[in-house]
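In what follows, a single structure is set out as structure tokens and then discussed.
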Ligand SMILES: Cc1cc2nc3c(=O)[nH]c(=O)nc-3n(C[C@H](O)[C@H](O)[C@H](O)COP(=O)(O)OP(=O)(O)OC[C@H]3O[C@@H](n4cnc5c(N)ncnc54)[C@H](O)[C@@H]3O)c2cc1C
């Protein structure tokens, strides 16, 4: 039997999960398939990158994975990562407010304070802001539909201060985008669920069922860095079929229903293709093949981000700040948007005499970190951290990583956009499917799930029905 020739373009966690699922499905169905993965860079992982910084393996992109689905842990386990798995030493973060770090109040849901008159909330919002938010159950606030922007809805319900001082910084930490733009249903479906339970958002959120006791969900990372996950996913592939440093430059119809893929390595034909890319390069590859879909994909916007990892002598601070890090609300001239105390969040990174910080800069509409050189970026970040944390010494070492495009912006209308993309992909007369952070969740877990979903869609499209792995059958995933 001639093996099916399948190609995945992009070796981020979406593409690698798709490739792994294609290999699994072919084995299970007894249908031989050769899965080739094309990757432009010289490594796998995409936005997941671990590197050595002063003798430690540090994540410069995604640094923690929020696991909501127990089958994600099963996947990690099946990849032999049980011993590698680490959980955070602390997850309590703060917000930079009025020149000090204020702990994020317990009982907030994506920044929405369930009990606005709690003293911790009053510290952040002030008495007027807290009082305004606490009136939500009695005021006739705006209603919302799934694809509306989150910002105006929450401002109408809770007041401006709750959004700018709590919701916005938390959303920024995940999406690097502002509440006023992002789609409620795409980034905060649990708020819609709360409104389904009660006319009041706060009452509805308070009725949210508690997590199942003993649930294995929560944040995890890997001792040797999250890139190990990508490497383990890639280990299951035939080494000769993983083409690093091979950007795909074109995708065209080939002979008798096949797809022709052009890359630095020449032109090859495949029975099916998964494009596991950010929307802009996916749009570029589809320009000739599916111009309308390509135009649709170009509508997806991205934020750009830089991470700056800084190693200080521990004596740079009089006392270590508490918790896992802090978020900074938007204000003119903001430099650092968030800072993770890496060796407090991840105890395995703790080293005597060392303070390990990772700052983020940039985000929606704020590309300055891409426009300045490394030295300027490090100096600016250090200057601001000095102010935030009272640092008395300069860093021993700094490592800059720029991400462009970094994170897709699920703007209002995202759900309709995604439906339109899905419908156009389904109607393509070619065996091509799309996967990745652009569509059904930006978090690593959602991306892995989307890779599996896309692989199964391609497999079915090729008419090679194999038993489905349950992971890919689920609905939308969000980080
Ligand atoms: C700074 C930062 C911090 C983050 N933190 C977290 C976090 O803590 N937790 C979390 O869950 N998520 C986090 N995320 C989000 C998460 O890392 C990403 O959404 C996810 O890794 C995206 O995976 P992907 O496979 O869809 O895309 P990508 O990782 O972007 O992979 C796409 C791949 O395609 C390749 N490629 C592009 N064009 C071509 C071409 N023409 N030919 C061949 N290959 C090509 C790229 O080189 C890349 O390797 C973070 C993201 C960033 C940027």
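Numbering (the working numbering), first residue to last: 11 to 489.
For every residue, glycine included, the Cβ atom is placed at its ideal position computed from N, Cα and C.
Everything numeric in this text was worked out from a predicted model, so none of it was measured.
Query: If you count every other CB in all the chains shown that lies within 10 Å of the CB of residue 148, and 16 or more means buried, which is it?; Result: exposed
Query: Here's a check: name, in chain order, each residue in its chain whose Cβ is nearer than 7 Å to the Cβ of residue 415, leaving out the five neighbours to either side.; Result: 288, 290, 312, 314
Query: Three-state secondary structure (DSSP) at residue 193?; Result: strand
Query: Could you check if residue 409 belongs to the surroundings of ligand 1, using beta carbon to heavy atom distance under 7 Å?; Result: no
Query: Using a Cβ-Cβ cutoff of less than 7 Å, which residues in the same chain neighbour residue 237 once the five nearest sequence positions on both sides are dropped?; Result: 55, 58, 59, 60
Query: Within 10 Å of its beta-carbon, does residue 317 have 16 or more other beta-carbons around it, so buried, or fewer, so exposed?; Result: buried
Query: What does the Cβ neighbour count give for residue 11, buried or exposed, with the cut at 16 atoms within 10 Å?; Result: exposed
Query: For residue 477, count neighbouring Cβ atoms within 10 angstroms of its own Cβ and tell me buried if that reaches 16, exposed if not.; Result: Residue confidence for residue 477 is low, a pLDDT of 44 falling below 50, so the modelled location carries little weight and cannot support an answer.
Query: Evaluate the contact criterion for the stretch 418-437 versus the stretch 317-330: three or more CB pairs, one atom per stretch, below 8 Å.; Result: no
Query: Indicate whether the contact test is met: 3 or more Cβ pairs, each with one atom in the stretch 457-467 and one in the stretch 16-35, closer than 8 Å.; Result: yes
Query: What span of residues does the beta strand (DSSP E) with residue 206 cover, start to end?; Result: Unbroken run through residue 206 is the alpha helix (DSSP H), 199-207; no beta strand (DSSP E).
Query: Pick helix, strand or coil for residue 23, following the three-state DSSP scheme.; Result: helix
Query: As an exercise, report each continuous beta strand (DSSP E) stretch of at least 3 residues that is fully enclosed by the stretch 40-122, in chain order.; Result: 43-48, 60-63, 66-69, 75-77, 103-107, 110-113
Query: Could you pull the DSSP bridge partners for residue 163 from this structure?; Result: For residue 163, which the question treats as bridged, DSSP gives no partner whatsoever.
Query: Kindly examine ligand 1 and report whether one of its heavy atoms sits closer than 7 Å to the Cβ of residue 371.; Result: no
Query: Quick one: Cα of residue 132 to Cα of residue 195, how far?; Result: 28 Å
Query: Express the C-alpha separation of residue 180 and residue 216 in angstroms, rounding to a whole number.; Result: 19 Å
Query: Find the nearest neighbour of residue 234 within the set 16, 93, 413, 432, judged by alpha-carbon distance.; Result: 93
Query: Less than 7 Å separating the Cβ of residue 31 from some heavy atom of ligand 1?; Result: no
Query: Quick check: residue 246 and residue 33, are their CB atoms within less than 8 Å of each other?; Result: yes
Query: Quick check on residue 356: does DSSP put it in helix, strand or coil?; Result: coil
Query: Taking the continuous alpha helix (DSSP H) assigned at residue 427, which residues delimit it?; Result: 424-437
Query: Buried or exposed, going by whether 16 or more other CB atoms sit within 10 Å of the CB of residue 265?; Result: exposed
Query: Give the DSSP bridge partners of residue 421, in chain order.; Result: 192
Query: Between the C-alpha atoms of residue 342 and residue 374, what's the straight-line distance to the nearest angstrom?; Result: 14 Å
Query: Can you tell me whether residue 451 is buried or exposed? The criterion is at least 16 other CB atoms within 10 Å of its CB, across all chains shown.; Result: buried
Query: In whole angstroms, give me the CA-to-CA distance for residue 258 and residue 280.; Result: 13 Å
Query: Quick check: the Cα distance between residue 97 and residue 361, rounded to an integer number of angstroms?; Result: 17 Å
Query: Examine ligand 1 and report whether any of its heavy atoms sits within less than 7 Å of the Cβ of residue 143.; Result: no
Query: Grab the span of the alpha helix (DSSP H) containing residue 246 for me, first residue to last.; Result: First-last for residue 246: undefined, no H or E at that position.
Query: Opposite residue 443 in the DSSP bridges: which residues?; Result: 284
Query: Return the CA-CA distance between residue 411 and residue 371, expressed in angstroms with no decimal places.; Result: 10 Å
Query: So, at 8 Å on beta carbons, what are the nonlocal neighbours of residue 242 in its own chain, with the 5 sequence-adjacent residues on each side left out?; Result: 89, 90, 91
Query: Note down the Cα distance separating residue 10 from residue 263, rounded to an integer number of angstroms.; Result: In this structure the chain extends from 11 to 489, so residue 10 is not present and cannot be described.
Query: Quick check: is any heavy atom of ligand 1 less than 7 Å from the C-beta of residue 193?; Result: no
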